[in-house]
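Engineer: Got a structure here, written out as structure tokens. Questions coming.
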Amino acid sequence: MTVDTSDALRVVQNKNAESESYMRQLHVWLGIGSAGGAISMVSLAANLSDPAHALRFLQPSLWCFLLGVVAAGASLLFLARRADALALHHAAAHNREQVNQAIKKIPEVLSSPQRLADEMNAERNALIARSGREHGHAESAWKSYRLWSRLWAGSLIVSASAFVIGFALPLAQISFLSANIVR
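Using my numbering, you'd call the opening residue of the sequence shown number 721 and step up by one each time.
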């Protein structure tokens with residue numbers, strides 16, 4: 721009995737494409753939002769009566785926005801490296817599976833003098849060693865994938881946090897410390 725999974729596969733592919741679209745939008749929003757926040761703060765400061773004082777006042781926000789832009793850019797690097805590592809993992813796993821299929825086709829020879837068995841199993845043993853190497857490559861690539869995934873998620877968190885703090889800090893200063901701001 722065969723099961724038709726084409727509808728489920730299509731749904732999974734559509735949801736993956738949708739997720740990638742949202743991630744792209746998030747990266748753009750964080751990078752452009754932080755850059756736009758910094759530009760708007762500098763523009764605001766330049767139009768005030770004492771721009772130097774205003775820039776000193778807004779300096780923590782500007783640093784937050786800079787951190788947000790850098791973290792958003794770094795997240796794209798980490799995302800690319802994550803994709804590379806996942807591709808390497810799948811390639812090594814596929815190679816390992818192909819070698820394992822070849823190993824299954826070669827019967828193991830058992831012989832009383834061990835050297836005869838070793839000679840007759842040389843090709844099979846070479847394939848087993850190759851399978852082990854491919855397994856090691858697949859595991860190493862998976863570890864890299866997990867590392868890049870964590871770095872990517874961390875950079876998005878840093879970028880989003882810096883963006884929010886960059887806007888919230890001057891609002892908090894104006895709201896709670898307005899007596900110290902007005903000259």
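Don't be surprised by glycine CBs; every beta carbon is placed ideally from N, CA and C.
So, residue 776 versus residue 865, is the Cβ gap smaller than 7 Å?
Structural biologist: Against a cut-off of 7 Å, the Cβ pair of residue 865 and residue 776 comes out as no contact.
Engineer: Indicate whether the contact test is met: 3 or more Cβ pairs, each with one atom in the segment 726 to 737 and one in the segment 747 to 759, closer than 8 Å.
Structural biologist: Judged by Cβ distances under 8 Å, the segment 726 to 737 makes no contact with the segment 747 to 759, as fewer than three pairs qualify.
Engineer: If I measure Cβ to Cβ from residue 808 and keep anything under 6 Å in the same chain, skipping five residues before and after, which residues do I get?
Structural biologist: Counting only Cβ-Cβ distances below 6 Å, and skipping sequence neighbours, we find 861.
Engineer: Whole angstroms is fine: what's the gap from residue 909's alpha carbon to residue 853's?
Structural biologist: No information on residue 909 is available, as it lies outside the stretch 721 to 903 that the chain covers here.
Engineer: Note down the Cα distance separating residue 765 from residue 874, rounded to an integer number of angstroms.
Structural biologist: If you take the alpha carbons of residue 765 and residue 874, they lie about 31 Å apart.
Engineer: Please name the residue, chosen from 880, 895, 891, 889, that lies closest to residue 792 on a Cα-to-Cα basis.
Structural biologist: Comparing Cα-Cα distances from residue 792 to each of 880, 895, 891, 889, the minimum goes to 880.
Engineer: In this structure, how does DSSP classify residue 724 when only helix, strand and coil are distinguished?
Structural biologist: Note: residue 724 maps to coil in three-state DSSP.
Engineer: With DSSP as the reference, label residue 768 as helix, strand or coil.
Structural biologist: Residue state, collapsed to three classes: coil.
Engineer: Output needed for residue 785: all residues of its chain with C-beta closer than 8 Å, excluding positions within five of it in sequence on either side, in chain order.
Structural biologist: 754, 755, 757, 758, 761, 882, 883, 886, listed in sequence order.
Engineer: Taking only the alpha-carbon atoms, compute the straight-line gap between residue 840 and residue 722 and give it to the nearest angstrom.
Structural biologist: About 40 Å.
Engineer: Quick check: what's the CA-CA separation for residue 858 versus residue 787?
Structural biologist: Those two C-alpha atoms are separated by around 34 Å.
Engineer: Can you tell me which of the three DSSP states residue 830 falls into?
Structural biologist: DSSP places residue 830 in coil when its eight states are reduced to three.
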